[in-house]
Each structure stands twice: as structure tokens, then as C-alpha cells.
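Student:
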């Protein structure tokens, strides 16, 4: 595999568009469960952005069972580098913004209830 092809595979696709949030919304106002949903959303976005590298690794690993460690190590490195580049702090902020925008829309539509303290 030539250097140009490797670099193309290591470069993730374009990031997901995120809505502009009001400055009054605090990004830290998520529960742990919601934060886990945001992390899962970020992973899915990264997988979509690196689908070519992941497809190559999947094809290589399906062709080699035990020898996958040796035969697919270069492709695995390319896939991991692409995923590393696709999982930045900015991507996490984008995923949070998307999650908060969806949550506020559900609250406005009455499909979700706001969190309240018991007391």
C-alpha cells in the first residue's frame, strides 16, 4: 500500500454538522447516563467517518483467522489512526451540542420531562 493511499485512509471524513447553542446552555449540565449517550454518539460518528479503513480491516480479518495479528497489523494501525483523528475534543463538543439540541427540542415538544430534584 503506497503512502498516499495510507494517508487517505487515515484521514477521517468530514465532521457532523452541529447546531449553534445558546451561550446560556451549560454543556456540563448532563447526567452520567446522558454523557454516556453522547460518547456513544461520538463513536458512531467516528465509525461513519472512518468507514473505508474499517471496511478494509474487516475484510482482512475475515480472510485470516489466527494470522490476523500479523497479516492485518498495518491495516489495523491505519484504522486506529483514523479513529484517533476522528475522536477529538471538538468532536465530543459537536456530539454534546447535537444531544442538547435534540433534548431541548423534545422538551419543547413535550415528549420529554425536565429533570427535577426530589425534595
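In the working numbering, the protein residues as written are 10 to 128.
Glycine included, every Cβ here is placed at the ideal spot set by N, Cα and C.
All of these numbers come straight from a predicted model, not from anything done at the bench.
Give me, in chain order, the residues of the same chain whose beta-carbon lies closer than 8 angstroms to that of residue 81; leave out the 5 immediate sequence neighbours on both sides.
Tutor: Taking the chain shown and counting its residues from 1, the one referred to as residue 81 is at position 72. Same-chain partners within the cutoff: 66, 69, 70 and 73.
Student: Between the stretch 88-97 and the stretch 20-30, are three or more C-beta pairs nearer than 8 angstroms?
Tutor: They touch, by the three-pair rule.
Student: If you reduce the DSSP assignment to three classes, tell me which class residue 81 lands in.
Tutor: Residue 81 sits at position 72 when you count from the first residue of the chain shown. Coil.
Student: Would you mind sorting residue 104 into buried or exposed? The rule is 16 or more other CB atoms within 10 Å of its CB.
Tutor: The residue you call residue 104 lines up with position 95 of the chain shown. Classification for residue 104: buried.
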